[in-house]
Amino acid sequence: MMAATENVHLHEIKKFASMAEHWWDVQGEFKTLHEINPLRMEFISRYVDISGKRVADVGCGGGILTEALARQGADALGIDLSGELVDVADLHSLEAGVEVHYQKMSAEELAERQPAGFDVVTCMEMLEHVPDPAAIIQACSQLVKPGGLVFFSTLNRKAKAYLLAILAAEHVLHMLPQGTHDYKTFIKPSELCQSARQAGLHLLGMVGIEYNPLHKQFYLGNDIDVNYLAVFSRPE
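By our numbering, the letter at position 160 of the sequence shown is numbered 163, and the numbering carries on one by one without gaps.
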């Protein structure tokens with residue numbers, strides 16, 4: 004049972020857990036996550052060589068990013084509050100022959116256990132699914148070593164994001180399962196940066212994940228109106 008104090012929407016955990024068996028189907032419901040994962044890795048590699056680094060992937064889901072980090076040589080730990088997803092991630096890494104560590108645990112709990120224990124922390128497509136995103140940002144800041152980096156990705160609370168990420172992606176093009184996102188929980192870049200500053204983090208860079216419908220491809224660009232990535236440092 005989850006503690007009542009954990010920073011989690013139980014319906015969100017149940018929603019994604021119910022789709023756990025489809026997580027690694029690259030042509031299935033999570034095809035979009037598989038398609039944007041190389042872009043996440045590209046953005047991370049712009050700022051740090053993760054080979055040999057200790058990396059925590061917060062809200063790892065079924066381990067798509069965590070496993071990619073490990074393949075690049077990171078000592079990667081993925082954490083999530085869905086036991087079903089952690090099991091799927093662990094099983095896939097075993098089948099793939101990639102050494103990854105997974106634990107069913109909250110970011111806040113890991114931060115208490117291993118403060119300043121990681122060179123890099125990633126938290127992708129997770130902030131918009133919790134009741135208190137600022138607490139997750141604070142935990143990520145506690146997890147990373149002074150001089151280390153924290154990477155976030157989330158969705159901007161703008162009309163364009165509602166049109167493209169919900170109406171188009173979920174209901175028209177079926178790029179994501181319906182009900183994946185709730186517009187009210189989207190986070191403006193200014194809000195993310197404010198919470199990060201309060202957590203002692205310094206913004207280094209931000210890019211958007213854009214989509215070319217003609218070529219059906221995602222790419223990194225300057226438009227942060229829909230989905231965006233940001234990197235912060237914890238000062239020495």
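Note that beta-carbon positions come from the ideal geometry of N, C-alpha and C, so glycine has one too.
Residue from Asp122, His218, Asn225 with nearest C-alpha to Pro192:
Within the sequence shown, residue 192 is the residue found at index 189, counting from 1. For Pro192, the nearest C-alpha among the options comes from Asn225.
Along the chain, which unbroken stretches of the beta strand (DSSP E) at least 3 residues long are found entirely within the stretch 53 to 125?
57 to 61, 78 to 83, 104 to 107
Using CA atoms only, rank isn't needed, just tell me which of Ser236, Val61, Val58, Glu45 is closest to Pro149.
For the purposes of this step, residue 149 is taken as residue 146 along the sequence shown, with counting starting at 1. The candidate whose alpha carbon is nearest that of Pro149 is Ser236.
Please report the distance separating the alpha-carbon of Pro238 from that of Gly86.
Looking up residue 238 in the sequence shown gives position 235. Looking up residue 86 in the sequence shown gives position 83. Between Pro238 and Gly86, the C-alpha separation is close to 34 Å.
Taking 8 Å as the cut-off, does the stretch 201 to 221 touch the stretch 36 to 49 (at least 3 CB pairs, one atom from each stretch)?
yes
Tell me which same chain residues have a C-beta within less than 8 Å of the C-beta of Ala92, skipping the five on either side of it?
Taking the first residue of the sequence shown as 1, we reach residue 92 at position 89. Closer than 8 Å at the Cβ level, and outside the excluded window around Ala92, lie Trp26, Cys63, Gly64, Gly65, Gly66, Thr69, Glu70, Gly81, Asp83, Val103, Tyr105.
On a CA-only basis, which of Val89, Ser156, Asp135, Glu112 is nearest Gln145? Give me that one, please.
Against the sequence shown, residue 145 aligns to sequence position 142. For the set Val89, Ser156, Asp135, Glu112, the Cα lying nearest the Cα of Gln145 is the one of Glu112.
Could you give the distance in angstroms between the alpha-carbon of Ala59 and the alpha-carbon of Ile140?
Counting from 1 along the sequence shown, the entry for residue 59 is found at position 56. Counting from 1 along the sequence shown, the entry for residue 140 is found at position 137. Going from the Cα of Ala59 to the Cα of Ile140 covers about 13 Å.
Close beta carbons around Glu9, own chain, < 6 Å, minus the five adjacent residues each side
Mapped onto the sequence shown, residue 9 falls at position 6. The answer, listed in chain order, is Ser109.
Whole-angstrom distance between Asp78 and Asp90, CA atom to CA atom:
Taking the sequence shown and counting its residues from 1, the one referred to as residue 90 is at position 87. Taking the sequence shown and counting its residues from 1, the one referred to as residue 78 is at position 75. Straight-line Cα distance between these residues: approximately 19 Å.
Roughly how many angstroms lie between the CA atoms of Ala137 and Val29, to the nearest whole one?
Looking up residue 137 in the sequence shown gives position 134. Looking up residue 29 in the sequence shown gives position 26. Each residue's alpha carbon lies about 32 Å from the other.
Measure the alpha-carbon distance for Lys187 versus Val61 and round it to whole angstroms.
Counting from one through the sequence shown, the residue named residue 187 turns up at place 184. Counting from one through the sequence shown, the residue named residue 61 turns up at place 58. For Lys187 and Val61, the distance between alpha carbons rounds to 22 Å.
What does the alpha-carbon distance come out to for the pair Ser156 and Ile190?
Indexing the sequence shown from 1 puts residue 156 at position 153. Indexing the sequence shown from 1 puts residue 190 at position 187. One C-alpha to the other measures close to 10 Å.
Reduced DSSP category for Gln30 - H, G, I as helix; E, B as strand; rest coil
For the purposes of this step, residue 30 is taken as residue 27 along the sequence shown, with counting starting at 1. In this structure, Gln30 counts as coil in the three-state DSSP scheme.
Am I right that Val153 and Val124 are in contact with their C-beta atoms under 8 Å? What's the rounded C-beta distance?
In the sequence shown, the residue the question calls residue 153 occupies position 150. In the sequence shown, the residue the question calls residue 124 occupies position 121. With 8 Å as the limit, Val153 and Val124 qualify as a contact, their Cβ atoms being about 5 Å apart.
Could you tell me which of Pro118, Gln117, Arg74, Lys107 sits nearest to Leu97, measuring between CA atoms?
The residue you call residue 97 lines up with position 94 of the sequence shown. Of the listed residues, the one whose Cα sits closest to Leu97 is Arg74.
Cβ separation of Ile212 and Leu42, assumed to be a contact under 8 Å, to the nearest whole Å
Walking along the sequence shown from the start, residue 212 turns up at place 209. Walking along the sequence shown from the start, residue 42 turns up at place 39. With a Cβ gap of about 6 Å, Ile212 and Leu42 count as contacting.
Give the C-beta separation of Leu158 and Asn230 to the nearest angstrom, bearing in mind that I take them to be a contact with Cβ-Cβ under 8 Å.
Start at 1 with the first residue of the sequence shown, and residue 158 comes out as number 155. Start at 1 with the first residue of the sequence shown, and residue 230 comes out as number 227. Correct: roughly 6 Å between the Cβ atoms.
I need the boundaries of the alpha helix (DSSP H) containing Leu195, first residue and last residue.
Residue numbering aside, residue 195 sits at position 192 when the sequence shown is read from its first letter. Its alpha helix (DSSP H) spans residues 192 to 201.
Between Arg57, Ala233, Met127, Gly76, which has its C-alpha nearest Pro241's C-alpha?
Given that the chain is displayed from residue 4 to residue 239, the structure contains no residue 241 and the question cannot be resolved.
Taking all protein chains shown into account, decide if Val175 is buried (16 or more other Cβ within 10 angstroms of its Cβ) or exposed.
As a working note, residue 175 is residue 172 in the sequence shown. Confidence is the limiting factor: at Val175 the pLDDT is only 48, short of 50, which leaves the residue's position unreliable and the question unanswerable from this model.
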